[in-house]
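Numbering (the working numbering), first residue to last: 433 to 617.
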């Protein structure tokens, strides 16, 4: 869901899905077949608007976008996002222009034994349901998500919370090196 203010007129939202289930602007459906070369044209009036996109997005393995990996040591699955520089539309619908910054609020459903980390503080509000604090305004390429059965260590430096995550199979290595890593960070 994107909530935005418009001066009115035609524009577009960036979106590079596997498939689109539905798109609506202010509760009115938009034909998903209008998606062309990663853009969905929309026509707005002056004022506030809400765009809702329900789409299946791809997992990638090229260093950008949303990745899904399987740890060869134990077969467990991990997900992480790397939206730099223009990969955000492969993860979520957005206005993908670096000079347009907006606050982001993430709500994530994940397996019960997973840890979920994003740009802001988050908490598991129900089993498998995570909510994250709204971020300050960010460019789309700074929004990230990390999720999986990670081994997590936390510390603090000058009031700043720090965290280290490693695949579960590497927990012993992280525990061994954590003091040095926290010191260097």
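Just so it is clear, CB atoms sit at the ideal spot from N, CA and C, and this is done for glycine as well.
Let me check one thing: in DSSP terms, what residues is residue i bridge-paired to?
{"i": "residue 446", "result": "471, 526"}
{"i": "residue 512", "result": "499, 578"}
{"i": "residue 546", "result": "Paired residue(s): none; residue 546 is not in a bridge."}
{"i": "residue 534", "result": "570"}
{"i": "residue 463", "result": "None; residue 463 has no bridge partner."}
{"i": "residue 484", "result": "456"}
{"i": "residue 601", "result": "None; residue 601 has no bridge partner."}
Quick check on this structure: which residue in the options has the alpha carbon closest to the alpha carbon of residue i?
{"i": "residue 497", "options": "464, 574, 606", "result": "574"}
{"i": "residue 434", "options": "480, 463, 464", "result": "480"}
{"i": "residue 522", "options": "591, 576, 617", "result": "576"}
{"i": "residue 611", "options": "596, 601, 600", "result": "596"}
{"i": "residue 542", "options": "455, 440, 451, 562", "result": "562"}
{"i": "residue 437", "options": "493, 582, 534, 587", "result": "534"}
{"i": "residue 592", "options": "614, 602, 604", "result": "614"}
{"i": "residue 569", "options": "536, 599, 469", "result": "536"}
To which residues of the same chain is residue i closer than 8 Å at the C-beta, ignoring the five residues directly before and after it?
{"i": "residue 471", "result": "444, 445, 446, 447"}
{"i": "residue 672", "result": "The question about residue 672 has no answer, for the chain in this structure spans 433 to 617."}
Which whole-angstrom value describes the C-beta separation of residue i and residue j, a residue pair presumed to lie in contact below a C-beta threshold of 8 Å?
{"i": "residue 578", "j": "residue 512", "result": "5 Å"}
{"i": "residue 656", "j": "residue 580", "result": "Absent from the model: residue 656. The displayed extent of the chain is 433 to 617, so no value can be given."}
Excluding five sequence neighbours on each side, which residues of the same chain lie with their C-beta closer than 7 Å to the C-beta of residue i?
{"i": "residue 449", "result": "487, 488, 489"}
{"i": "residue 617", "result": "594"}
{"i": "residue 473", "result": "442, 444, 466"}
{"i": "residue 538", "result": "550, 564, 577"}
{"i": "residue 439", "result": "478"}
{"i": "residue 519", "result": "496, 497"}
Leaving aside the five residues before and after residue i along the sequence, list all residues of the same chain whose C-beta is less than 6 Å from its C-beta, in chain order.
{"i": "residue 510", "result": "501, 580"}
{"i": "residue 530", "result": "571"}
Is the segment 483-503 close to the segment 553-570, with three or more CB pairs under 8 Å? no
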